[in-house]
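Trainee:
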Amino acid sequence: MTDDNIKEVINRTSIVEIINSTVPLKKKGSNYFGLSPFKKEKTPSFSVNEEKKIFHCFSTGEHGNVIDFLIKVKGYSFKDALYELADKAGIEISYKSSKLNNIIYEINSLTKELFYKNLLNSKKHLDYLLKKRKFNIETIHKFELGSSVNSFELQKKLLNNFEVNNLVAAGVFSRTKNSKLFFSNRIMVPIINMQNKTLGFGGRVIDDSLPKYINTAETKIFKKKQILFNEKILNKQNNKKIIIVEGYFDVIKLEQSGFTNCLAPLGTSINHEKLIEITKKGFEIIVCLDGDIAGRNATIRLMNNLLADKNFELGIKFVLLPKNFDPDQLIESNMSDKLNKLIDQPLSIEELIEKYLEKFRKSNDVDSQFKGSKVLKSLLNNVSNIDLKKILTNHFNKISLNQTTLKNKSKSNNQKLELKFDLKSKFSAALIIFYIENLSDRERVFDLIATAKFEGKFREIRDLIIKKTLFKSTTIEIYEELDSKGLNFTKNLLLYFLMKF
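Residues in the sequence shown are numbered consecutively from 16, following this note's numbering.
1. Going by DSSP, name the residue or residues bridged to E162.
2. Mind checking which residues open and close the alpha helix (DSSP H) that includes G218?
3. CB-CB under 7 Å to N136, same chain, minus the five flanking residues each way: which ones, in chain order?
4. I need the straight-line Cα distance from L97 to Y494, nearest angstrom please.
5. Assuming contact is defined by CB atoms lying nearer than 8 Å, are V302 and V334 in contact in what I supplied?
6. Suppose you measure from the CA of I206 to the CA of F244; what does that come to, to the nearest Å?
7. Based on Cα-Cα distance, which residue from E65, S363 and K235 lies nearest to K43?
8. Buried or exposed for V179, going by 16 or more other Cβ atoms inside 10 Å?
9. May I ask you to report which of helix, strand or coil DSSP gives K171?
10. Is the beta carbon of F340 less than 8 Å from the beta carbon of N400?
11. Three-state secondary structure (DSSP) at F61?
12. Between which residues of its own chain and S189 is the CB-CB distance below 7 Å, once the five residues before and five after are set aside?
13. Thinking C-beta only, is K89 closer than 8 Å to S74?
14. One question on the structure: do I229 and G218 come within less than 8 Å of each other, judged by their Cβ atoms?
15. Roughly how many whole angstroms lie between the Cα atoms of S92 and T275?
16. So, at 8 Å on beta carbons, what are the nonlocal neighbours of V183 in its own chain, with the 5 sequence-adjacent residues on each side left out?
17. Out of curiosity, what's the CA-to-CA distance linking T314 and L357?
18. Got a sec, what are the start and stop residues for the beta strand (DSSP E) A323 sits in?
19. Count the other CB atoms, across all protein chains shown, that sit within 10 Å of the CB of L463; report buried if there are 16 or more and exposed otherwise.
20. Could you work out which residue in V38, I331 and F469 is closest to L290 when comparing CA atoms only?
21. Return the bridge partner residues of E299 from the DSSP annotation.
22. Return yes when the Cβ of I481 is within less than 8 Å of the Cβ of A465, no when it is not.
23. Between K386, E365 and E366, which has its C-alpha nearest F375's C-alpha?
24. Would you mind stating whether L169 and I202 have Cβ atoms separated by less than 8 Å?
25. Go to I524, then tell me how far its alpha helix (DSSP H) extends in each direction, as first and last residue.
26. Compare the Cα-Cα distances from K487 to each of S499, R474 and D456 and report the closest residue.
27. Between I259, K296 and G273, which lies nearest to N286 when the distance is taken from Cα to Cα?
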């Protein structure tokens, strides 16, 4: 494969024809225009030029040739895009690994067909799907579910069509000395990519044996972390909202129940980079994991990973299901309306953080509240995107001040009695508030606040806030430090003295 090969493929391909199959285009002058595939919009800003063989999105700045389009919008690898276009253009390109990839696709296609036919003859596995999972025949057919019972017979049919080394390379046969079918006595779920090609399989037992789930081993085309189950729906441009659930059976049940925009990871952890990549294509993602402890922990883990990634720019929201419920259980409990409502009103990442901190904030225990402030500080320090960090920090500064004010409102009457309502108290309160809330002016008023004659509680506050360790602290950090020391003189209380006269 040479640069000349690539140029020939690009030049002999109609970029308008390829893009028009995904993004409806209308000609205006020498260009064609359509709605951006990278973001939601009402006015077309996506331009394609047949003569120059390029596209450009004026909304996002994305641009490139026909190969770039297949990679950025359709999720192709460079090689897959090049070879598909070359095939359509009747151009021969030699590449050894591509031949093996094609063989693997052929093996997976036949294996999927054999598994599907096998399921229809396996009463035990078919009953499990129909009665236990409550999938209908149409759903089973749509997702091409199968069965790996009678694995010896399946093995013979595959060996009649392919060499054993290629079956091993495809992950269909095990890599042991006496290679045999990798999957045995399991419900089989084909993993299909955006080009409708079978990459591999997931298998689930229906008894208590372990492991409950297994996937095809890593192959040249099956990279578990880079794949989401049901990702072919990303080709549909009419729905820009994507729901992430825990497993492929959740996706299948939700699809049957009318939620036709669901994806799932192929393991216990979610690749946050994959989600960010999807948001760059204009999709809004709603993460809806199970309501058990494992699901909650996975949600928090994902939240932390997103915040730590400098490429994260929002576009991902969260649903917290009722305790110990998963999507399937909500549907089976006639609670689809509740699920719909939760999905229609997802939590932004700042709202998720607030939910996470509730257990600390609601506590009357100072240690717990202090721990909560440290957790929040750690979360905010973990944010890699500078702009997002500023937004979240400002948001939680306001939230924390409001919560602290409300929390201490009931205590203020008792604390007021400890202080005299005279001009000196008014001056003390004003100076303390000014010092706390004006970081840029602290150096200017430091000598004044350090030498002023404060009395009683005001002196305790002054002595604490002028410490070197707090000199460059934010307003909210100082108020939290006062709280942690039992000096609950919040902005609300100090303002009381200013308004008293």
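All C-beta atoms, glycine included, are put in the ideal place defined by N, C-alpha and C.
Just so it is clear, the structure is predicted and the values come from calculations on it, not from any experiment.
Mentor: Answer, in terms of the structure:
1. For the purposes of this step, residue 162 is taken as the residue at position 147 of the sequence shown. A quick correction: the sequence has Ser, not Glu, at residue 162. DSSP, once it has assigned bridges, lists I202 as partnering S162.
2. Numbered from 1 along the sequence shown, position 203 holds the residue referred to as residue 218. Careful: G218 lies outside any alpha helix (DSSP H), inside the beta strand (DSSP E) at T213 to R219.
3. Here residue 136 refers to the residue found at position 121 when the sequence shown is read from its first residue. No residues qualify anywhere along the chain.
4. Counting from one through the sequence shown, the residue named residue 97 turns up at place 82. Counting from one through the sequence shown, the residue named residue 494 turns up at place 479. Near 60 Å, if we compare the C-alpha coordinates of Y494 and L97.
5. Here residue 302 refers to the residue found at position 287 when the sequence shown is read from its first residue. Here residue 334 refers to the residue found at position 319 when the sequence shown is read from its first residue. Yes, the pair counts as a contact, with Cβ atoms nearer than the cut-off.
6. Within the sequence shown, numbered from 1, the residue matching residue 206 stands at position 191. Within the sequence shown, numbered from 1, the residue matching residue 244 stands at position 229. Approximately 6 Å, taken between the alpha carbons.
7. Position 28 of the sequence shown, counted from the first residue, corresponds to residue 43. Checking every option, the nearest Cα to that of K43 belongs to E65.
8. Counted from its first residue, the sequence shown places residue 179 at position 164. With fewer than 16 other Cβ atoms within 10 Å, it is exposed.
9. Taking the sequence shown and counting its residues from 1, one reaches residue 171 at position 156. K171: helix per DSSP, three-state reduction.
10. Counting from one through the sequence shown, the residue named residue 340 turns up at place 325. Counting from one through the sequence shown, the residue named residue 400 turns up at place 385. Cβ atoms of F340 and N400: not closer than 8 Å.
11. The count along the sequence shown starts at 1 and reaches residue 61 at position 46. Correct three-state label for F61: strand.
12. As a working note, residue 189 is residue 174 in the sequence shown. Excluding positions up to five away in sequence, the list reads K195 and F197.
13. Residue 74 sits at position 59 when you count from the first residue of the sequence shown. Residue 89 sits at position 74 when you count from the first residue of the sequence shown. No, these two residues do not count as a Cβ contact at 8 Å.
14. For this step, residue 229 is matched to residue 214 along the sequence shown. For this step, residue 218 is matched to residue 203 along the sequence shown. Yes, the Cβ-Cβ distance between I229 and G218 is below 8 Å.
15. Along the sequence shown, one-based indexing puts residue 92 at 77. Along the sequence shown, one-based indexing puts residue 275 at 260. Distance between the alpha carbons of S92 and T275: 25 Å.
16. Reading the sequence shown from its first residue, position 168 is the one you call residue 183. If we look at V183 and ignore the five residues flanking it on each side, its Cβ neighbours are S189, R190 and S194.
17. Position 299 of the sequence shown, counted from the start, is the residue given in the question as residue 314. Position 342 of the sequence shown, counted from the start, is the residue given in the question as residue 357. Whole-angstrom Cα-Cα distance: 15 Å.
18. Against the sequence shown, residue 323 aligns to sequence position 308. Segment: none, A323 is in no beta strand (DSSP E) and carries neither H nor E.
19. Within the sequence shown, numbered from 1, the residue matching residue 463 stands at position 448. Exposed: under 16 other Cβ atoms inside 10 Å.
20. As a first step, residue 290 must be located in the sequence shown, where it is residue number 275. That would be I331, whose Cα lies nearest to the Cα of L290.
21. Translated into positions along the sequence shown, residue 299 becomes position 284. According to DSSP, which records beta bridges pairwise, E299 is partnered with K256.
22. The residue labelled residue 465 in the question sits at position 450 within the sequence shown. The residue labelled residue 481 in the question sits at position 466 within the sequence shown. It is a contact, given that the beta carbons lie within the stated cut-off.
23. In the sequence shown, the residue the question calls residue 375 occupies position 360. Ranking K386, E365 and E366 by Cα distance to F375 puts K386 first.
24. For the purposes of this step, residue 169 is taken as the residue at position 154 of the sequence shown. For the purposes of this step, residue 202 is taken as the residue at position 187 of the sequence shown. No, the pair does not count as a contact, with Cβ atoms beyond the cut-off.
25. The requested residue 524 is not part of the displayed model; the chain covers only 16 to 516.
26. Within the sequence shown, numbered from 1, the residue matching residue 487 stands at position 472. Among S499, R474 and D456, the Cα nearest to that of K487 belongs to D456.
27. Locating residue 286 in the sequence shown gives position 271, counting from the first residue. Nearest option by C-alpha distance: I259.
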